[in-house]
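Residue numbers for the sequence shown follow the numbering used here, beginning at 12 and rising by one. Glycine is no exception: its CB is placed at the ideal position from the N, C-alpha and C atoms. Keep in mind the model is a prediction, meaning the values are calculated, not measured.
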Amino acid sequence: MIFTTDRVQFKDEKFIVFEFYDIEKDEEYKSYIKMKMEYLKNVELFDVCYFIAHKNKFKKFRVIKYDNLTKEKQDTKMNFNEFKKWFCEINGSSSRSKPLTSEGDKYVQNILNRVNGEFDFRNDDNGIELTKKTLSGNVTTGFDFDLFETESKSIIEFLKRDSEYLDNKKAHPARYPWNYQKFTSLWNARNRIDGELFLVNYSNDGTDKDKEISVIKVIDYSTEDKKIVSDIGYLLNGFDDLVKWLKLLENSSEEAKEYLEEKPRQVRNENWWENVYSDFDSNRHMIGEEYEEYI
12 MIFTTDRVQF
22 KDEKFIVFEF
32 YDIEKDEEYK
42 SYIKMKMEYL
52 KNVELFDVCY
62 FIAHKNKFKK
72 FRVIKYDNLT
82 KEKQDTKMNF
92 NEFKKWFCEI
102 NGSSSRSKPL
112 TSEGDKYVQN
122 ILNRVNGEFD
132 FRNDDNGIEL
142 TKKTLSGNVT
152 TGFDFDLFET
162 ESKSIIEFLK
172 RDSEYLDNKK
182 AHPARYPWNY
192 QKFTSLWNAR
202 NRIDGELFLV
212 NYSNDGTDKD
222 KEISVIKVID
232 YSTEDKKIVS
242 DIGYLLNGFD
252 DLVKWLKLLE
262 NSSEEAKEYL
272 EEKPRQVRNE
282 NWWENVYSDF
292 DSNRHMIGEE
302 YEEYI
């Protein structure tokens with residue numbers, strides 16, 4: 012099963028997941044949310060699960076807490092001020108954080124609609140509007156999983172390429188280190204659930220650069236230096252090819268792995284990155300420069 016996770020974070024050494032739920036949405040949406048809730052509250056990947064139901068344009072809230080450590084359940088009703096106080100206390104941070112974006116990435120929504128056609132993911136309430144309204148610009152420790160695949164425990168993060176000077180195969184987090192907090196959080200989450208972390212470099216500006224999409228499998232990441240130190244970049248032939256890989260991943264992680272292995276790839280081990288980082292300005296052109304064809 013592949014779905015989005017609205018918000019995850021580490022707090023007091025606990026791994027916490029939040030799912031936001033607009034109870035005034037249609038029945039199709041409710042069945043999808045219930046499916047996610049059943050998985051999240053019964054799997055032991057997360058220490059605490061919060062399901063936040065709201066209605067009347069954020070005037071009334073119901074917060075259901077499942078604690079997988081103590082096996083306790085709490086059910087609390089709140090008004091907006093009570094919810095804001097509670098949410099800010101649990102989400103506050105003194106560290107730097109990337110600003111929250113707008114609701115739902117249409118590219119990711121379109122992919123989910125292709126992978127799983129039973130639900131229109133444009134209706135999914137990802138909680139961004141509520142989170143921005145509640146935190147009021149305050150720094151936050153929370154982040155999300157763009158996609159999460161349950162069998163392989165794969166976290167899939169989509170990275171939109173905005174630079175006109177790069178194509179998707181040369182785009183890489185090493186080129187924009189100021190976003191390190193996001194990648195550090197994703198890596199810590201990957202290790203906590205003993206899963207996989209994939210980064211998808213894409214664009215949708217209508218140029219030929221959109222044809223190829225790079226999928227990066229992160230092998231190792233230095234939380235001390237805040238950078239990737241080992242990974243493999245795979246080249247997929249556009250949107251449809253990406254959807255095909257995700258469908259395989261949902262049905263069989265082994266088949267999805269074999270599918271990637273047959274794609275052009277650039278293996279970047281620790282020695283490779285050590286060489287690039289030794290003089291990054293001179294060597295960064297090597298990132299995504301040579302992909303080896305599958306033989």
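Nearest to Phe-194 by alpha-carbon distance, out of Ser-163, Lys-181, Ile-44 and Val-211, is Val-211.
Within the region 170–236, the complete beta strand (DSSP E) segments of 3 residues or longer fall at 207–213 and 224–233, listed in chain order.
Inclusion of Ser-241 and Asn-280 in the CB contact set at 8 angstroms is warranted, their separation being smaller than that value. Boundaries for Arg-295: no alpha helix (DSSP H) harbours it, and the DSSP string shows neither H nor E there. For Glu-30, the enclosing beta strand (DSSP E) stretches over residues 25–33.
Under the three-state reduction of DSSP output, Leu-246 falls in the strand class. Taken through DSSP and simplified to helix, strand or coil, Phe-69 comes out as coil. Pairing Ile-34 with Glu-303, the inter-Cα distance amounts to about 50 angstroms. Trp-256 places its beta carbon 8 angstroms or farther from that of Leu-246.
Below 8 angstroms, enough C-beta pairs join the region 21–36 and the region 57–75 to call them touching: three or more. Bounds of the beta strand (DSSP E) holding Glu-83 are 83–90. By the criterion of a C-beta distance shorter than 8 angstroms, Tyr-305 is surrounded in its chain by Glu-272, Glu-273, Lys-274, Pro-275 and Arg-276, once the five residues flanking it on both sides are discounted. His-296 sits exposed, since fewer than 16 C-beta atoms from the chains shown fall within 10 Å of its C-beta. Within its own chain, the residues whose Cβ lies closer than 7 angstroms to the Cβ of Ala-267, once the five positions on either side in sequence are excluded, are Trp-256, Leu-259 and Leu-260, listed in chain order. In the DSSP assignment, Cys-60 is bridged to Val-28 and Tyr-77. The distance from the Cβ of Tyr-232 to that of Ile-224 is about 21 angstroms, inconsistent with a contact at the 8 angstroms cut-off. Secondary structure of Ser-263 (DSSP, three-state): coil. Around the beta carbon of Gln-20, 16 or more other beta carbons lie within 10 angstroms, which makes this residue buried. Taking a C-beta distance under 8 angstroms as the contact criterion, Ile-122 and Leu-208 do not qualify as a contact pair. In the DSSP assignment, Glu-160 falls within the beta strand (DSSP E) that extends over 154–160. For Lys-25 and Trp-284, the gap between their C-alpha atoms comes out near 32 angstroms. Contact annotation: the region 151–169 touches the region 189–204, with at least three C-beta pairs closer than 8 angstroms. Contact between Arg-18 and Thr-145 is absent: CB atoms are separated by about 11 angstroms, not below the 8 angstroms threshold.
Residue range 13–22 is occupied by the beta strand (DSSP E) that includes Lys-22, with no alpha helix (DSSP H) assigned at that position. In this model, Val-28 and Tyr-61 are separated by some 6 angstroms (Cα to Cα).
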